[in-house]
Structures are given as C-alpha cells and as structure tokens.
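For the sequence shown, numbering that gives the first Met the number 0 begins at 0 and goes up steadily by one. Some notes on the structure that comes next.
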Amino acid sequence: MDNDSEELLKSDIIDRNVRQGLNLTWLNFAVLFCATIIASVGLNMDSVAVIIGTMLISPIMDPIIGMGYGFGIRDSKLIEKAFTVYLIEVVVALIASAIYFSLSPIKDASSQIIARTQPAIWDVLVAFFGGVAGIIGSAKKDPGNILPGVAIATALIPPLATVGYGMSQFKWTIVLSAGYLFLINTFFIALATMLGTLIFNFRKKKVAIPWKNQLFIIAAVVIIAIPSLVSASNLVKETYNEAQVTSFVDNELPEVYVVNKEISGKKIKLTVIGSDIKNSEIKALDKKLPEYKLGDYKLQLQQISKGNYLSVSAFKKYVSQESSSSTSSDASDTSDKTLLKLKQRLNKKYPDIIDKIYIENYKNKLATCPKINTKYISTRKVHF
C-alpha cells in the first residue's frame with residue numbers, strides 16, 4: 000500500500016470514529032449519568048479505585064476530540080455538533096453530581112475533592128499529550144489500550160463532579176478551581192487533537208489555518224495556561240519551604256517532638272512537646288531561619304508541655320485548637336483523629352518509655368470532648 004492510500008485509510012478511520020462518537024443516544028447519557036454518580040461516590044468516600052473506574056466508562060472525551068478534529072479539518076458543522084453534545088453532557092454531569100452531593104450525608108471535602116481544586120502546569124501537559132495520544136488512537140483500527148490510558152490520564156469526569164459538589168454546597172472557590180481544571184483538560188485535549196490532525200495528515204485534503212485563527216489559538220493557550228503556571232510556582236515554593244522547615248526542625252530542635260507544622264503567610268508555627276524552650280532560645284532560633292532560606296518568615300513556637308511533662312489541660316487545649324476549625328457536627332470525629340494521630344506518633348517516638356495509652360470520649364449537653372485517662376506523660380517508664 001502506498002503512502003497516499005495509507006493516509007486516506009487513516010483519514011477514513013478517524014473520521015468514522017469521531018463522528019460515531021457524537022451520536023446522541025439515551026444510552027450515552029445513561030452511561031454518563033452513571034459514571035458521574037460513581038465518580039461522586041468515589042470523591043465522597045475518598046476512593047481512588049472507584050474514581051479511576053469512572054474515567055474508563057465516561058463518554059465525555061468523544062465530543063472534545065470531535066471539536067479538535069473539526070477545527071483541524073475546518074468542518075463547521077462537525078464543530079457545532081461536537082460542541083452541542085459537549086454542552087449537553089457537561090450539564091447532565093453537573094446535575095447528576097449536584098443531586099448526589101445534595102443528598103449525601105457526608106458534606107466534608109475529601110482529599111480527592113481537594114486534589115481537583117489545585118490545577119497546575121502539569122495538568123496542562125497531561126491534557127495536551129493525552130490529546131495527542133487520543134487522536135493517534137482514534138486513527139488506528141485497533142487502538143488497544145491507548146484510549147483507556149488517555150481517559151485515565153486526563154480524568155475529565157472527576158473535576159466535573161467536583162464542580163457539582165461545590166455547587167451543591169455553595170463553595171464557589173471549589174467550583175472555580177475544579178472548573179478551571181476541567182477547562183484545562185477540555186481546551187488542551189481539543190488543541191492537541193487539532194494539531195495532531197494537521198501534523199499527522201489525518202485529513203482527506205490539505206487545509207490551511209488563517210493567521211488570525213492562529214493568533215487566537217496562541218492567545219487562548221497563554222491566557223488559559225498562565226494561572227496554572229502561577230499555581231505550579233506556588234506549589235514548588237511551598238514544597239521547598241516545607242522541606243527547609245523539616246531540615247530546620249531536625250537540626251535545631253533535636254530535643255523536642257514536633258506535633259504539628261504550619262506555614263501560613265510569613266509565619267512558621269511549630270507545636271512541640273519536650274524540653275522547655277525559653278524565649279531567649281526561641282529568638283535565637285528565629286535568627287537562624289535565614290540559614291535555611293527562610294529569612295522572610297517569623298518563627299512561632301507553641302509548647303504544650305512543661306519540661307518533660309504533658310499536662311492533661313495543655314493536651315486538651317491543643318486538641319481543642321486543632322478542632323476549632325471544624326463544625327460542631329464533626330468536632331468529635333476531628334478530635335478522635337487528632338488524638339489517634341498523636342497517640343501513634345508518641346508510641347513511635349518513645350517506644351521504650353510509654354507502655355500503653357488509653358483514650359476515651361464522653362459527651363455532655365454542650366459538645367463532644369476528649370477525656371484523657373492520664374495525669375502526665377513523663378520521660379520515665381509509665382503505664383496509662
């Protein structure tokens with residue numbers, strides 16, 4: 000088979016596959032509705048496996064590839080049809096996820112939901128190269144595992160379901176952040192599909208893109224990508240600062256155990272247990288921050304122990320502060336998690352000192368509070 004015949008065959012295959020993916024049937028919408036509900040459950044229950052499953056069965060990739068392919072061959076009717084299907088599927092997914100999260104008794108944002116609200120430049124790269132792989136897969140008679148892999152990598156349904164969560168809970172920051180991630184995926188998959196159609200000659204005839212359209216595409220790329228670059232820069236900076244704070248703690252505070260680290264604004268707040276640290280020592284530690292590239296920050300030290308002893312009142316005060324950001328409905332759960340976390344850390348840090356730790360809860364009419372069956376934690380062998 001000569002090159003012209005091979006290119007024509009590829010063009011026929013991709014054209015047929017793209018157009019078949021744009022057929023409006025109730026089965027497609029039923030699958031999309033089910034996929035969105037499953038994704039919402041996965042996000043709600045913090046289940047990665049469930050979320051991955053929804054990426055494989057969601058049909059929302061088809062209209063995005065259709066739009067990109069339509070731009071590549073300059074077929075306005077195909078673009079219009081793909082965009083119509085895309086809008087309808089987005090609305091269906093938003094309604095499905097909003098209904099689920101409105102009815103779900105679990106209202107807190109899980110780590111999987113939060114993960115969809117922090118788009119960065121890496122999401123742009125994944126969407127773009129996923130789109131390139133997608134258009135190549137569509138041009139093959141047997142795409143194998145290319146399209147399923149692209150569906151998992153680009154992950155269209157989870158951010159859309161996260162938008163539905165934000166709408167149902169009136170959390171507009173989540174709506175905007177997850178919506179931006181979905182926009183990144185949509186735009187760069189479509190862009191990669193268009194470029195792939197042009198570069199790999201997946202066309203029946205040569206088509207030139209007017210220079211005005213080229214300028215528009217470049218401007219759109221820059222506008223959409225800039226926020227992700229800023230987000231990536233902030234993420235890199237936060238990761239670097241956290242590593243420097245960890246190094247600072249390991250080198251300068253070897254005699255204490257850090258219960259919690261918090262970097263907020265220009266302050267580094269450390270909650271510690273261990274040897275008593277005087278104000279003069281804290282000031283000296285603060286002056287050492289520039290050695291760890293943290294000169295712009297101010298050190299704050301919260302000691303919840305007196306010398307080698309942790310009093311019940313100090314411990315309860317710390318737990319109360321950790322739980323203060325939670326609502327009254329989940330305060331008990333937050334306190335339990337905080338107590339359990341600290342118990343595990345203490346056992347790990349002092350295996351030869353602490354024998355057992357018992358933790359109970361009791362309820363009164365006002366709130367759920369932790370009851371600690373200890374008088375102190377000391378540096379000698381004790382039994383709780």
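All C-beta atoms, glycine included, are put in the ideal place defined by N, C-alpha and C. This structure is a prediction, so every number in the text was calculated from the model and none was measured.
{"Asked": "CB of Leu194 within 9 Å of CB of Gly69, strictly", "Found": "no"}
{"Asked": "Beta bridge counterpart(s) of Leu269 as assigned by DSSP", "Found": "Lys260, Leu300"}
{"Asked": "Cutoff 7 Å; reference Gly129; Cβ partners in own chain excluding five residues on either side", "Found": "Val149, Ala152, Thr153, Ile188"}
{"Asked": "Cβ contact (3+ pairs, closer than 8 Å) linking the region 95-107 and the region 45-56", "Found": "no"}
{"Asked": "Alpha helix (DSSP H) segment containing Asp285, residue limits", "Found": "278-286"}
{"Asked": "Integer-rounded CB distance, given that Ala231 should sit under 8 Å from Ala114", "Found": "About 15 Å separates the two Cβ atoms, so there is no contact after all."}
{"Asked": "Segment limits, alpha helix (DSSP H) that includes Ser103", "Found": "First-last for Ser103: undefined, no H or E at that position."}
{"Asked": "C-alpha distance - Ser109 paired with Val30, whole-angstrom precision", "Found": "25 Å"}
{"Asked": "Integer-rounded CB distance, given that Tyr99 should sit under 8 Å from Ile36", "Found": "6 Å"}
{"Asked": "Proximity below 9 Å, CB of Gln301 to CB of Lys266", "Found": "no"}
{"Asked": "Residues bridged to Val90 (per DSSP)", "Found": "Answer is none; Val90 lacks a bridge partner."}
{"Asked": "Beta-bridge pairing of Val255 - partner residues as DSSP gives them", "Found": "Gly273"}
{"Asked": "Cβ-based neighbour list, Glu237, same chain, cut-off 8 Å, excluding 5 preceding and 5 following", "Found": "Ile262"}
{"Asked": "Distance between Val123 and Ser227 (C-alpha atoms, nearest Å)", "Found": "8 Å"}
{"Asked": "Inter-residue Cα distance where the pair is Asp275 and Val244", "Found": "20 Å"}
{"Asked": "Minimum C-alpha distance to Leu293 - residue among Lys260, Tyr239, Val258, Asn278", "Found": "Tyr239"}
{"Asked": "Environment of Val255 [buried if 16+ CB atoms lie within 10 Å]", "Found": "buried"}
{"Asked": "DSSP three-state assignment for Thr24, whether helix, strand or coil", "Found": "coil"}
{"Asked": "Same chain, Cβ closer than 6 Å to Phe181, neighbours up to 5 away in sequence not counted", "Found": "Pro158, Leu159"}
{"Asked": "Start-end ranges of the alpha helix (DSSP H) lying completely within the region 13-91, minimum 4 residues", "Found": "25-44, 47-56, 60-72"}
{"Asked": "DSSP state of Lys427 mapped onto helix, strand, coil", "Found": "What the structure shows of the chain is the stretch from 0 to 383, and residue 427 is not part of that stretch, so it cannot be assessed."}
{"Asked": "Selected residue, minimal CA-CA separation from Ile94, among Thr196, Ile135, Thr161, Asp107", "Found": "Thr161"}
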